[in-house]
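Only one structure is covered here, and it is reproduced in the block below.
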Amino acid sequence: MSVWSVTSAIAYAGLLYAGFSTAGLQLGISGALLGVLTVTLVGALASARSGIAFAALGSAAVLHAAAVQAVDAALEAKGVPAGLAREGAAVLASGIMTATTGVALAAVGFARLGSLVRLLPHPVAVGFYAGLGVAFTAGGITLATGIAPRLESLDALALPEHLLQAGVACGVASLLVVLPRWIRHGAVMPAVLAAAILVFHASWAALGRSVADGQQAGWLLGPFPSGRILSLPPALSFDLFDGDLATSLLPYAASSALLSATTLALMVTGIEALTGRAMDVDREMQVAGFANVAGGALGGLPSGHALAPTTLLARSGLVARWVTAVPAAVALTVLLVGADALELMPRPVLAALLIAVGFEWMVLHSWREARVLPRHEVVILLCVATSIVVVGILGGIGIGLGLSLLIFAWTYRRVPVIRSTVRGHEMRSSVTRSAAMAHVLETQGRRILLLRLQGYMFFLNAETVQRAFAAAAADGVRFLILDFQHVLGIDSSAIDVFGRLERDARQRGVVIALSAVPEVVMDRFAARDVFHACARVSSADQGLEQAEELVLAEQGKSVHEERASFAAHLAAAADMPDAGRRLEPFVTRVVFAPGTVLMRQGQPADHMIFLESGRVSTVLHEGSATPIHLRTLTPGTLVGEIALVRGGSRTASVIAVTSCEAVRIGRAELARLEVEDPALAFALHRLIMLQVSDKLVDNTRAMEFALR
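Position 117 of the sequence shown, counted from 1, bears residue number 117 in full-length UniProt numbering, the numbering being contiguous throughout.
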């Protein structure tokens with residue numbers, strides 16, 4: 001792991017500062033190693049979990065290479081001569097970009113935005129790791145042979161020596177994958193690596209070849225700069241870095257920050273899945289941010305949690321914090337002493353580490369996931385992995401998100417957008433009406449249709465509403481209520497559907513009412529001139545009430561002129577023509593103005609009333625919240641009868657909506673009636689039971705409606 005971290009940093013520095021002088025290249029390598037030293041120490045000490053390796057993010061190295069070239073070209077255009085000062089300014093530019101990336105990572109962590117990566121669809125995340133596995137495997141082949149595995153380079157890779165190098169790397173990688181699963185001991189992987197190194201050098205010595213021969217043939221790392229590598233930019237380099245140069249770096253820095261944040265967040269969740277230990281993505285982003293600010297100040301590259309070396313540590317069981325700090329010690333040694341010891345590392349052995357991790361994520365992990373994923377998610381996984389290899393990390397994730405959204409939209413269309421379809425004879429409003437009006441609604445209620453809508457309405461599911469209306473309209477519906485209480489949103493295509501529905505309803509003579517429409521949805525309707533002439537009510541219950549009144553009006557039943565006689569109701573219920581005369585000594589006639597509280601919640605229930613004209617509303621008070629409307633009562637109904645019979649306190653308040661006339665009977669009068677005229681008292685109790693039964697039926701309907 002330490003050799004990997006150090007050599008990869010040196011390799012990235014070689015990419016960034018290619019074409020620089022020997023002193024400039026040494027300066028760049030020094031900055032990269034100082035970055036490894038700083039980030040590794042900060043990460044090992046500050047990360048919430050032990051056993052987490054840190055390394056340079058190779059995905060950002062290309063952006064830094066482009067930025068270095070741009071800075072060098074800008075300085076050359078200003079007439080700055082070639083030399084260590086100009087090269088030092090380029091190294092400073094790369095370090096400033098890293099520090100800027102660190103600030104961005106820390107800001108993302110403190111804003112708690114890093115955890116948004118958990119919203120990434122699962123097949124996209126698995127595809128990302130599979131794509132990294134492909135990249136690791138390809139990188140291992142490149143490291144072993146010196147040739148990137150591309151179509152145009154297949155002839156070069158087919159040369160016997162390169163095939164041998166790749167074969168050795170793949171053979172060692174196979175041992176690194178198989179043996180730790182067969183022999184579960186932390187020393188297995190280090191033993192395999194040590195044995196591979198010893199076998200190589202023994203074989204190389206037996207062939208009479210030297211270290212220089214191995215480097216020249218591509219079998220050993222190096223050659224690296226000899227002697228002390230540690231160096232700092234000259235003072236003139238700082239003077240050359242001005243505001244114009246900083247401005248030219250902004251596009252590169254922004255791209256680097258975005259790419260690093262995305263990669264780092266996915267690396268953290270990948271490590272979490274690997275180790276089975278929960279990790280706070282935002283906290284780890286903060287740690288990586290501070291580490292990169294410190295590393296960038298010394299010229300380092302963007303670094304963070306490294307999936308591959310962490311995988312190796314987890315497989316070997318070496319998860320102590322001091323283990324993850326070892327690369328810092330190796331980097332410091334190389335800075336002060338030189339990299340001569342690294343030149344003894346066989347390239348195929350180091351490449352085997354990459355190939356083993358790549359195989360782990362590209363094949364084993366992906367296969368485990370693919371066996372339990374639906375086929376369409378497996379397709380997304382493969383597309384993301386392929387896209388990451390072809391177009392890069394951000395492009396691959398973008399393609400995966402696009403495919404996921406398309407499949408989600410296609411699947412979401414199956415979720416019913418109509419929560420329930422209710423006809424007026426199945427479910428009535430909370431208005432309690434007389435028996436005559438109730439009978440009209442029982443026979444004519446089919447002409448009322450309530451559609452309770454839900455979810456997000458868009459082009460793939462909105463047509464369901466129009467089809468449901470068309471079918472009901474053909475069955476005689478005259479009044480349509482569209483309830484938007486559970487609608488989350490609506491797109492332009494769905495608005496077009498509602499526009500067609502409105503035109504169809506107008507041609508059929510159907511009256512539309514909209515209930516509980518969110519303001520944002522209503523604004524979109526208004527912008528497209530849809531439903532502009534339709535009534536708006538606050539609830540589906542109010543919509544049903546209005547539709548019922550229209551049906552009753554068509555049948556010659558005026559709800560506002562309705563009157564009822566207590567004596568007539570009692571006489572009809574008991575077949576007692578003189579009930580009114582006999583009841584007169586026990587009741588009191590009362591009149592209420594609009595807004596009068598007839599009964600107050602919590603007060604003793606000492607009387608009931610029979611409403612002969614007007615309307616009253618029962619409401620429930622819950623603390624300081626707005627009173628909840630329970631029911632509207634019309635002439636011909638008893639009010640407060642249940643509390644009077646069972647005793648106790650009022651469970652709701654009753655308020656006059658309009659001017660009301662009523663007949664009142666108290667508890668004492670009822671007790672006196674039971675003694676003086678038992679037959680009339682029995683008739684009154686029968687009337688109470690009939691009214692309670694009707695209310696129970698209405699409550700049952702309301703409960704069924706609420707549960708749909």
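Positions of the beta carbon are idealized from the N, C-alpha and C atoms, including for glycine.
Distance, residue j Cα to residue i Cα
i: G338; j: L120; result: 44 Å
i: V172; j: A44; result: 29 Å
i: G482; j: L687; result: Looking at the sequence shown, residue 482 is not Gly but Leu. Straight-line Cα distance between these residues: approximately 37 Å.
i: Q444; j: F479; result: 11 Å
i: S420; j: H532; result: 25 Å
i: M285; j: A55; result: 14 Å
i: D242; j: F290; result: 24 Å
i: L163; j: L157; result: 6 Å
i: T38; j: V520; result: 51 Å
i: S153; j: Q165; result: 15 Å
i: L690; j: R503; result: 45 Å
i: L620; j: L552; result: 28 Å
i: A573; j: A683; result: 7 Å
i: G127; j: G304; result: 20 Å
i: P604; j: L405; result: 60 Å
i: R184; j: G270; result: 22 Å
i: L274; j: V199; result: 31 Å
i: V417; j: L116; result: 28 Å
i: G580; j: H569; result: 9 Å
i: G424; j: C383; result: 51 Å
Secondary structure of residue i, DSSP reduced to three states
i: R672; result: helix
i: C534; result: coil
i: F54; result: strand
i: V597; result: strand
i: I665; result: strand
i: V391; result: helix
i: A527; result: helix
i: E369; result: helix
i: V334; result: helix
i: S47; result: coil
i: G185; result: Inspection of the sequence shows that residue 185 is occupied by His rather than by Gly. Reduced to three states, the DSSP call for H185 is coil.
i: L380; result: Strictly speaking, residue 380 in this sequence is Ile, with Leu absent from that position. Three-state DSSP puts I380 in a helix.
i: F20; result: coil
i: E545; result: helix
Range of the contiguous beta strand (DSSP E) that encloses residue i
i: E622; result: From DSSP, E622 is part of no beta strand (DSSP E); its letter is neither H nor E.
i: T421; result: 418-423
i: V103; result: No beta strand (DSSP E) contains V103, which is instead part of the alpha helix (DSSP H) from 84-110.
i: G489; result: 479-490
i: L514; result: 511-515
i: Y456; result: 448-457
i: E272; result: Note, E272: premise wrong, no beta strand (DSSP E); alpha helix (DSSP H) at 243-275.
i: M362; result: It is not in any beta strand (DSSP E) - M362 carries neither H nor E in the DSSP assignment.
i: R589; result: 588-592
Spatial neighbours of residue i in its chain, beta-carbon cut-off 6 Å, leaving aside the 5 residues before and after
i: V68; result: L16, A90, S94
i: H122; result: none
i: T596; result: A656
i: G51; result: L313, V319
i: G543; result: I481, A513, S515, V537
i: F566; result: F610, V663
i: P149; result: A138, I141
Member of the options whose CA lies at the smallest distance from the CA of residue i
i: L92; options: D239, L449, S210; result: D239
i: D282; options: A48, R701, V590; result: A48
i: A643; options: T634, Q601, P627; result: Q601
i: T618; options: I628, A356, A297, F610; result: I628
i: M703; options: W361, M427, R321, A438; result: M427
i: F610; options: T311, V587, T626; result: V587
i: K139; options: E661, L33, Y12; result: Checking the displayed sequence, the identity of residue 139 turns out to be Gly instead of Lys. For the residues E661, L33, Y12, the minimum Cα distance to G139 belongs to Y12.
Own chain, CB closer than 7 Å to residue i, minus 5 neighbours either side, in chain order
i: E463; result: V497
i: E272; result: A278, M279
i: C534; result: I512, A513, L514
i: A110; result: Ala is not the amino acid found at residue 110; the sequence shown has Phe there. Around F110: Q286.
Residue range of the unbroken alpha helix (DSSP H) whose run includes residue i
i: E463; result: 463-473
i: A235; result: 235-240
i: F128; result: 122-145
Any non-hydrogen atom of the ligand COA within 7 Å of residue i CB
i: L480; result: Looking for the ligand COA in the displayed structure turns up nothing, as the structure carries no ligands at all.
Own chain, CB closer than 8 Å to residue i, minus 5 neighbours either side, in chain order
i: T432; result: R631, T632, L633, T634, T637, D694, K695, D698
i: S493; result: F458, F459, A462
i: L441; result: G424, H425, R428, R433, E548, V551, L552
Any C-beta of chain D under 8 Å from that of residue i
i: P348; result: Among the chains in the structure shown there is no chain D, since it carries only a single protein chain.
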